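Structure record follows, encoded as structure tokens.
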Amino acid sequence: MKDALQRLATRAAAEDLLDVAYATVDSPFGPLLLAATPRGLVKVSFPQFGTEETLEELAARISPRVLEAPARLDEARRELDRYFEGELTEFDLPLDWQLTGGFREKVQRAIGRIPYGQTRSYTEMARSAGNERAVRAAGTACGANPLPIVVPCHRVLRSGGALGGYGGGLPMKEALLELEGIR
Amino acid sequence: MTALPPFQNLLDEHAADVIGVLRGAVGRADADDCFQETFLAALRAYPKLGDASNLRGWLLTIAHRKAIDHHRANGRRPVPVAELAEIEVSDPEPDEGVWKLVGALPPKQRAAVALRYACDLPHAEIAAALGCSPEAARRSLHEGIKRLRKELA
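Chains as they are written, first to last, in the working numbering: chain A, 1 to 183; chain B, 184 to 336.
What follows is the structure, encoded as structure tokens:
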């Protein structure tokens, strides 16, 4: 049966019927759910949000043609593995931003440009996105990041240097900063 | 309208039933190809499916059509349903003679008999799988059984 399902995913992709491919991959922080459209990586999700809920959200917001197709996430998995081993400092993956939009997307794209091993404040992110006074909205945008780790919202801290929040939990935020040689 | 679940759920929940029905309808050797055709067709149509309340019946309907397509394309008689052996069946064990006769029934009757006695589906689901009314499904089943009785007598 496994072969049949793999064959199906391959044929679905070849016939443009694989709108959302997903895979669960191991990480030092537990399994991560990765999802990609033909345009690129669209979602990275922490285990505590529940695989089923995440897949339902993808089905409702992108397309119900959601299939488990680990081969389509191989490159993302490889880059994440190397990142967690401290070998990769810049992700080079096509990204699909369709789960975000507006000011949030501006903030999130700006987060994507924060270099490895550096941090920014929520205020700075608000400014980068074109509205210095929208600090709270910038914080919300970090929290709503559909592509955590790859879009490194863990590099955004409070102005005084306090951790702020993190979808994967503050211990994970701290560990990622440590991995990058900050703190 | 019910929200459509991720297509993967359909595979997780119903792939085994679909392959079982197809093995009954076209034989083990060709069931895998029909399985691919069934789920590709389902995947193609899925986003426009208005009613998600009976996804299993919907999939079995497609499987049934693919089995018919398969037989038409091959222009030959159906493979005997004896190859159903992998599916759990109720006692007594089906003997090959009976299933050979089932395999020789007209398509609707054959499918109705296989769905009822090999897959243990209730009439309503047989109807959904065949794309006909429950009465028509009951009739196909009845006709099929009648014919089998006659041939076995």
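Ideal placement from N, C-alpha and C gives every residue a C-beta, glycine not left out. As the structure is a computational prediction, the values presented were derived from the model and not from experiment.
- No Cβ-Cβ contact shorter than 8 Å links B/R293 with B/H306.
- The three-state reading of DSSP puts A/V150 in coil, since its state is none of H, G, I, E or B.
- The beta-carbon separation of B/P230 and A/P64, rounded to 6 Å, stays under the 8 Å limit for a contact.
- Each residue's CA atom was taken as its position, placing A/K106 and A/A141 some 9 Å apart.
- The beta carbon of B/R332 sits closer than 8 Å to none of the beta carbons in its chain outside the five residues before and after it.
- Identification of chain B residues near A/R65 by a Cβ-Cβ cut-off of 8 Å yields F190, L226, Y229 and P230, ordered along the chain.
- For B/Y300, no alpha helix (DSSP H) run applies, since DSSP gives it neither H nor E.
- Residue B/V281 holds the alpha-carbon nearest to the alpha-carbon of B/A336 among B/A295, B/A297, B/V281 and B/L304.
- The continuous stretches of alpha helix (DSSP H) do not include A/A35, which lies in the beta strand (DSSP E) extending over residues L32 to T37.
- B/H253 sits buried, since 16 or more C-beta atoms from the chains shown fall within 10 Å of its C-beta.
- Listed by position along chain A, the residues whose Cβ is nearer than 8 Å to that of B/D215 are A4.
- Taking 8 Å as the cut-off, the Cβ atoms of A/E174 and A/L163 count as close.
- A residue is called buried once 16 or more other Cβ atoms fall within 10 Å of its Cβ, and A/L170, having fewer, is exposed.
- Distance check between A/R11 and each of B/F218, B/P290 and B/A212 places B/F218 closest, using alpha-carbon atoms only.
- Non-local C-beta neighbours of B/P290 in its own chain, meaning closer than 6 Å and more than five positions away in sequence, comprise I251, ordered along the chain.
- Membership of A/S45 in the beta strand (DSSP E) is indicated by the continuous run G40 to S45.
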